[in-house]
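Following: one structure in structure tokens, then a few remarks.
Numbering (the working numbering), first residue to last: 3 to 207.
Take a look at the structure:
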């Protein structure tokens, strides 16, 4: 019997196992499109956080519009509320709205981490961020016809907030573009295809 020599890794006929492992990239490696997608959406999330903080600051600087809205709501319901009650209710509304916005931004950050870590819900997180990136783009476009809601807040404050909204919208749209590339789709789906007891796309035992 003739024994065959072991395969030479340097030979042209030698094929690495990962070359035929499947259509998805190796889990953990980030293609260039994926890196750009993550950076763009990180800028989008950070910009939205800054925008929400500026919104709260604008209310603190001039609470008159919110207070007037609370008075109108109380009158429409036929309730006669004292100024102290209106004041407490107004700030409670600001706090609750701020907490809700922080929770939403936290979901965005968790979704971005799921994409980066190739978790099973990464495809859903990718779609979520794509949808909200589109919403932020529409919101930024509406800025060109919007008017400041308060005259007590400096115009430069509204201008800075508008610039932040435009930057995060552009970053979000760029993230959508990079996330639509095949490299990004394969990277995200690689995590969803991972099954217990097997590799990416491998059979479960």
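Backbone N, C-alpha and C define an ideal beta-carbon position, used for all residues, glycine too.
So what's residue 118 in DSSP terms, helix, strand or just coil?
helix
What residue does the alpha helix (DSSP H) around residue 154 start on, and which one ends it?
No alpha helix (DSSP H) holds residue 154; DSSP gives it neither H nor E.
Rounded to the nearest angstrom, what separates residue 187 and residue 181 at their Cα positions?
7 Å
Assuming residue 32 is part of the alpha helix (DSSP H), what are its boundary residues?
Per DSSP, residue 32 belongs to no alpha helix (DSSP H) and is neither H nor E.
Local conformation of residue 60 per DSSP, three classes:
helix
Check whether the region 51–69 and the region 160–176 touch, using three or more Cβ-Cβ pairs below 8 Å as the test.
yes
For a quick check, are the C-beta atoms of residue 155 and residue 63 less than 8 Å apart?
yes
Limits of the unbroken alpha helix (DSSP H) element including residue 182:
First-last for residue 182: undefined, no H or E at that position.
What does the Cβ neighbour count give for residue 113, buried or exposed, with the cut at 16 atoms within 10 Å?
buried
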